[in-house]
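In our numbering, each residue carries its 1-based index in the first sequence increased by 112.
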Amino acid sequence: MQIYNTLERAVVPFVPNDPERVTVYLCGPTVQSEPHLGHGRSAVAFDVLWRYLEWIGYSVVFVRNVTDVDDKIILRANESGQTTAEVASAAFDAFTRGYDKLGNWRPTLEPRATENIDEMIAMIEKLIDRGVAYESDGDVYFSVRSFEGYGKLSRHDLDDLRTGDRVEPGAQKHDALDFALWKAAKPGEPQWESPWGAGRPGWHIECSAMAVRYLGDGFDIHGGGTDLIFPHHENEIAQSEAASGTTFARYWMHNGMLNLLGEKMSKSTGHFITLLESLEEWDPMAVRLFYLRTHYRKPLDFSRSALDDAESSLGRLRAFRRRTSPALGPKAEVGVLEEFRAHMDNDLDVAGALSVIFEAVRAANAKLDAGEDADDLVAAVNETLAVLGLDIDDRTVDDVDISDLAADLGVPASSVDGLVAARNTARDDRDFELADAIRDGLAALHITIEDTADGTRWHRD
RNA sequence: GGCGACGUGGCCGAGUGGCUAGGCAAGGGUCUGCAAAACCCUGUACGCGGGUUCGAAUCCCGCCGUCGCCUCCA
Numbered sequence: 113m114q115i116y117n118t119l120e121r122a123v124v125p126f127v128p129n130d131p132e133r134v135t136v137y138l139c140g141p142t143v144q145s146e147p148h149l150g151h152g153r154s155a156v157a158f159d160v161l162w163r164y165l166e167w168i169g170y171s172v173v174f175v176r177n178v179t180d181v182d183d184k185i186i187l188r189a190n191e192s193g194q195t196t197a198e199v200a201s202a203a204f205d206a207f208t209r210g211y212d213k214l215g216n217w218r219p220t221l222e223p224r225a226t227e228n229i230d231e232m233i234a235m236i237e238k239l240i241d242r243g244v245a246y247e248s249d250g251d252v253y254f255s256v257r258s259f260e261g262y263g264k265l266s267r268h269d270l271d272d273l274r275t276g277d278r279v280e281p282g283a284q285k286h287d288a289l290d291f292a293l294w295k296a297a298k299p300g301e302p303q304w305e306s307p308w309g310a311g312r313p314g315w316h317i318e319c320s321a322m323a324v325r326y327l328g329d330g331f332d333i334h335g336g337g338t339d340l341i342f343p344h345h346e347n348e349i350a351q352s353e354a355a356s357g358t359t360f361a362r363y364w365m366h367n368g369m370l371n372l373l374g375e376k377m378s379k380s381t382g383h384f385i386t387l388l389e390s391l392e393e394w395d396p397m398a399v400r401l402f403y404l405r406t407h408y409r410k411p412l413d414f415s416r417s418a419l420d421d422a423e424s425s426l427g428r429l430r431a432f433r434r435r436t437s438p439a440l441g442p443k444a445e446v447g448v449l450e451e452f453r454a455h456m457d458n459d460l461d462v463a464g465a466l467s468v469i470f471e472a473v474r475a476a477n478a479k480l481d482a483g484e485d486a487d488d489l490v491a492a493v494n495e496t497l498a499v500l501g502l503d504i505d506d507r508t509v510d511d512v513d514i515s516d517l518a519a520d521l522g523v524p525a526s527s528v529d530g531l532v533a534a535r536n537t538a539r540d541d542r543d544f545e546l547a548d549a550i551r552d553g554l555a556a557l558h559i560t561i562e563d564t565a566d567g568t569r570w571h572r573d
């Protein structure tokens, strides 16, 4: 398999440290408020990476952190009169609900920053011992210029960074480029005891400490959004490698941003569409498909029509499922699997992989129309869709109240099935007026009827 | 100002030198009482200008345009 390594700015062969086991660390959210659609994209992109790695035979340890202490959470807590823990917990639940609905696997581990303070303090102490960090008025800063490789991920030259106008100089810093490892406590803020007095950790140190704690130095893949490349990931590398003297992460993968009206969705500017609302408005699997149709590294534009389009496209797959068996697996058509794999091996060309699936669907439909056996193709479609995490099985249908409809039509039926049976009786009697009235009535309740050679089916649209 | 992406048919979007991606929408057809679903057919695109090559959407140069990062951010 080949993946694009941001560190090298190139698609390169992926060779994990351990030939059987892959370690992945993904930067998770700051749990300050509800997730937006962009968070879902990142989670899905790396969920597919995970599923694919498992499919080609690796066992994966997948860690995604939870940032549950930071300025914004504190701000929100103060505004709402809640504790920071309450704010974080509520937001975390919303993230989990969204991620689950999208069909993502839950991470192997989901460590929280506040549960790893000791590890962070230990790493900071090591950095001070090595002379690359310094304490100043209860704060601790990392001395950026002391780390030779600084800028190797983001390709920034230290002297090109516009330190004057955008980076806060900060009186306690020796150099405007230095960043905080530890912040002295302010009244009313969450705080922990440390060798430098009460305080809380800086943002970057948590990922370094947790990644190394759970995966060890030199783990395989570190992921996140492109917006994290600088400064977050650059700083993670600096502090981790300065502390350990060895490689922090071997491959860096970054997903592209989700844009709204041509601009990046961003929580802080209020320029976003929330994930949970979108998952109400559209089939969650359509949202997933919407993400998947664009390569994970490219910017993706949100639009209602794009989601509608994805939903129609998904409808094709759901219709396919209705006429086939979800159970087939072992005898999948090898040609389809190989083509699928060739695309996925190429830095997760999911869009290309989807084209293989859709071609297989068309071929299988043609065979079924001709009365031929299509089990191999169906099995291949089932298997590959599962690798992409696209669940096209019938959604559970809530009880639909059809009593009013039955009464209006004068049909003695108490269920959808009863109405469908009544319609078929009407059709046998060539009473198409009644038959169509039943169908139209059900359509108004979002129930679509399909008459097939094997009888009449219905489903929720 | 620095660094970096990207510009593909009505729309969305693959494509890492030669072999009609795929999806959605549209038109025509087959099937069906009519639908739904499905299948078949139709649409010849690659920002602009140069160059390399037998051959470029794919490589090189220039230009135009859009976006991202340089500040919290998936």
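Cβ coordinates follow ideal geometry from the N, Cα and C atoms, glycine included.
Problem - Residues that DSSP places opposite proline 313 in a beta bridge - result: Answer is Trp294, bridged to proline 313.
Practice task
From the DSSP output, read off the bridge partner residues of proline 125.
Solution key: Under DSSP, proline 125 shares a beta bridge with Gln114.
Exercise for the section: Kindly indicate which residue of Gly150, Gln114, Cys139 has the alpha-carbon position closest to the one of leucine 388. Expected result: Nearest C-alpha to leucine 388: Gly150.
Exercise for the section: Let me know the secondary structure DSSP gives aspartate 573 once reduced to three states. Expected result: Aspartate 573: coil per DSSP, three-state reduction.
Exercise for the section: Please name the residue or residues paired with glycine 335 in a DSSP beta bridge. Expected result: Its beta-bridge partners are Leu138, Met365.
Handout entry: Best match in Val473, Glu451, Arg474, Ala475 for proximity to alanine 465 [C-alpha to C-alpha]
Key = Alanine 465 has its Cα closest to that of Glu451, out of Val473, Glu451, Arg474, Ala475.
Problem - Residue interval of the beta strand (DSSP E) (run including glutamate 247) - result: For glutamate 247, the enclosing beta strand (DSSP E) covers residues 245–248.
Practice task
Assign glutamate 231 to one of two classes, buried (16 or more other C-beta atoms within 10 Å of its C-beta) or exposed (fewer than that).
Solution key: Buried is the label assigned to glutamate 231, since at least 16 other Cβ atoms lie within 10 Å of its Cβ.
Handout entry: Whether glycine 311 touches alanine 297 by CB criterion (8 Å)
Key = At the C-beta level, glycine 311 and alanine 297 come within 8 Å of one another.
Exercise for the section: Report back the beta-carbon spacing between serine 266 and isoleucine 341 to the nearest angstrom; my notes put them in contact at under 8 Å. Expected result: Between isoleucine 341 and serine 266 the Cβ distance is about 5 Å, and since that is below 8 Å, they are a contact.
Exercise for the section: Please name the residue in Gly522, Met456, Asp552 whose C-alpha comes closest to that of proline 125. Expected result: From the listed residues Gly522, Met456, Asp552, the smallest Cα separation to proline 125 is found for Met456.
Practice task
Alpha carbon to alpha carbon, how far is glutamine 194 from alanine 202? Give it in angstroms, no decimals.
Solution key: In a straight line, the C-alpha of alanine 202 is about 11 Å away from that of glutamine 194.
Practice task
Could you check the C-alpha separation between phenylalanine 273 and cysteine 139 for me, to the nearest Å?
Solution key: According to the sequence shown, residue 273 is leucine rather than phenylalanine. If I take the Cα positions, the gap works out to 24 Å.
Handout entry: Sequence-distant residues of its chain with Cβ nearer than 7 Å to arginine 176 (five each side left out)
Key = Excluding residues up to 5 positions away in sequence, Leu138, Gly140, Pro219, Glu222 lie with their Cβ nearer than 7 Å to the Cβ of arginine 176 in the same chain.
Handout entry: Stretch-stretch touch, CB-based, cutoff 8 Å, three pairs: the segment 474–488 with the segment 412–427
Key = The segment 474–488 is not in contact with the segment 412–427.
Handout entry: Cβ neighbour criterion (16 or more within 10 Å) applied to asparagine 129
Key = The residue in question, asparagine 129, is exposed, as its Cβ has fewer than 16 Cβ neighbours within 10 Å.
Exercise for the section: Give me the Cα-Cα distance between serine 526 and arginine 209, rounded to the nearest whole angstrom. Expected result: So the alpha carbons of these two residues sit roughly 34 Å apart.
Exercise for the section: Give the straight-line distance between the Cα atoms of isoleucine 561 and histidine 571, rounded to the nearest whole angstrom. Expected result: Annotation: isoleucine 561 to histidine 571 spans about 7 Å, alpha carbon to alpha carbon.
Handout entry: First and last residue of the uninterrupted beta strand (DSSP E) at aspartate 269
Key = If you look at aspartate 269, you'll find it isn't in any beta strand (DSSP E); DSSP assigns it neither H nor E.
Handout entry: Sequence-distant residues of the same chain with beta carbon closer than 8 Å to alanine 475, five excluded per side
Key = Close CB contacts of alanine 475 within its chain, under the 8 Å cut and outside five residues either way in sequence, are with Ala486, Leu489 (chain order).
Problem - leucine 521 versus leucine 546: straight-line alpha-carbon distance, rounded - result: Rounded to whole angstroms, leucine 521 to leucine 546 spans 8 Å at the Cα level.
Handout entry: Terminal residues of the alpha helix (DSSP H) in which tyrosine 164 lies
Key = It spans 149–167 - the alpha helix (DSSP H) in which tyrosine 164 sits, taken as one unbroken run.
Exercise for the section: Sort Leu460, Asn536, Ala492 by Cα distance to proline 442 and report the nearest one. Expected result: Nearest C-alpha to proline 442: Ala492.
Practice task
Any chance you could list the alpha helix (DSSP H) runs of at least 4 consecutive residues sitting entirely within the segment 339–409, in chain order?
Solution key: Runs found: 346–356, 387–393, 396–404.
Problem - Distance between threonine 564 and serine 378 (C-alpha atoms, nearest Å) - result: The straight-line gap from Cα to Cα measures roughly 48 Å.
Handout entry: N-terminal and C-terminal residue of the alpha helix (DSSP H) that threonine 564 is part of
Key = From DSSP, threonine 564 is part of no alpha helix (DSSP H) but of the beta strand (DSSP E) over 559–564.
Practice task
Would you kindly check if the distance between the Cβ of glutamine 114 and the Cβ of valine 199 is under 8 Å?
Solution key: No. Outside cutoff.
Exercise for the section: Could you check the C-alpha separation between leucine 214 and tryptophan 308 for me, to the nearest Å? Expected result: Cα-Cα distance, rounded: 43 Å.
Exercise for the section: Using the DSSP secondary-structure output, state which residues sit across from glycine 567 in a beta bridge. Expected result: According to DSSP, which records beta bridges pairwise, glycine 567 is partnered with Thr564.
Handout entry: Sequence-distant residues of its chain with Cβ nearer than 6 Å to valine 279 (five each side left out)
Key = Confidence at valine 279 is low in this model, with a pLDDT of 47, below 50, so its placement is unreliable and the value that follows should be read with caution. Here valine 279 has Ala288 as same chain residues with Cβ atoms under 6 Å from its own Cβ, once five neighbours each way along the sequence are excluded.
Exercise for the section: List the DSSP bridge partners of aspartate 251. Expected result: According to DSSP, aspartate 251 bridges with Ser248.
Handout entry: Local Cβ density within 10 Å of lysine 410, reported as buried at 16 or more and exposed below that
Key = It counts as exposed.
Handout entry: Under the three-state DSSP convention, the category serine 171 falls into
Key = The answer is strand: DSSP assigns serine 171 an E or B state.
Handout entry: Residue of Asn117, Thr196, Val136, Pro524 minimising C-alpha distance to glycine 328
Key = It is Val136 whose Cα lies nearest to the Cα of glycine 328.
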